[in-house]
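Residue numbers (the UniProt record's numbering): 1 to 314. We treat Cβ as the ideally placed atom computed from N, Cα and C, and that holds for glycine. Model, not experiment: these values are computed from the prediction.
So, in structure tokens, the structure goes:
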């Protein structure tokens, strides 16, 4: 020790005593800290989630909780029985004399009420009254039958004309024309008579051909007229809401091209009813185009007259 302090006092060995002093101070400080701090400081910490507690209760519990506390009431007082009072004597009863009352008339049982059902009654459908349209339909049917009869008659006449034309053609084919005389040879006295006979025969043949062509044209025209009539009847239907006069009549002239297109509509005679005339024109426009011309009708354009009545086209 003397050497230690002597060395320190001399100042030659100063760094040797500072180091142990610092270590001693640090050791004391560490021991002091261990004594002060709790032991949990050295243990690892665990972070737990926050736990929430919920108090579940029913409405009855809530009502019971909100119910005010009962007040302590005093016990009821017991009343003493009162003494019975003396009742007064009852009044004297008067004698009631009996009176004879007529007996009521016997009760007559009432008639039972009729049972009424709550279901709605089924109303019987009354037959609609007869309207004038039925008479109009009968008239239309009668006129239609008359038109069919007329067409059948026209067909029969056409067949007769056709058969007559066929016989005429056969006769013409059977007849052989006389040979013509040569040009260089002199004409005999009987030649003029022969020439006259040939010319007369040629004229008769030409007349027969013209008659056959005219008959064929008439037959083709009738057939085409029937086609037009059927075409118009498909679109002819007067409104039944209006009562039409049977005497109404309208005559219309139409120009038809060979392809069946109606190029012109002209009223030759109008009826007294303006709506009937309009409906006639509308029917023709709806029926256009008409059927095209048949092959045996050698015309490029036709002008045909049509007569309309409430029953249809005649």
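Item                                                                                                                         : Value
Anticipated Cβ contact below 8 Å, residue 235 with residue 283, distance rounded                                             : 5 Å
Cβ contact check for the segment 219-235 and the segment 278-295: 3 or more pairs under 8 Å                                  : yes
Neighbourhood of residue 303 by C-beta, 7 Å cutoff - its chain only, sequence neighbours within 5 removed                    : 253 and 255
Contact check, residue 219 vs residue 270, beta carbons under 8 Å                                                            : no
Alpha-carbon spacing of residue 276 relative to residue 114, whole angstroms                                                 : 60 Å
Given residue 297 as reference, the closest of 216, 227 and 30 once Cα atoms are compared                                    : 216
Secondary structure of residue 293, DSSP reduced to three states                                                             : coil
C-alpha distance - residue 272 paired with residue 309, whole-angstrom precision                                             : 12 Å
Residue from 209, 291 and 264 with nearest C-alpha to residue 226                                                            : 291
In DSSP terms, what residue 266 is bridged to                                                                                : 253
Limits of the beta strand (DSSP E) - the one that residue 304 falls within                                                   : 301-309
For residue 260, three-class secondary structure by DSSP                                                                     : coil
Buried versus exposed call for residue 32 [16 or more other C-beta atoms within 10 Å across all chains shown]                : exposed
Residues of its chain near residue 193, where Cβ-Cβ distance is below 8 Å and the 5 sequence neighbours each way are ignored : Reliability fails at residue 193, whose pLDDT of 49 lies under 50, so the model's placement of it is uncertain and the value that follows must be treated cautiously. None.
Residue from 150, 34, 250 and 278 whose Cα sits closest to the Cα of residue 268                                             : 250
Identified DSSP bridge partners for residue 313                                                                              : 308
Bounding residues of the alpha helix (DSSP H) (the contiguous stretch that carries residue 287)                              : 274-287
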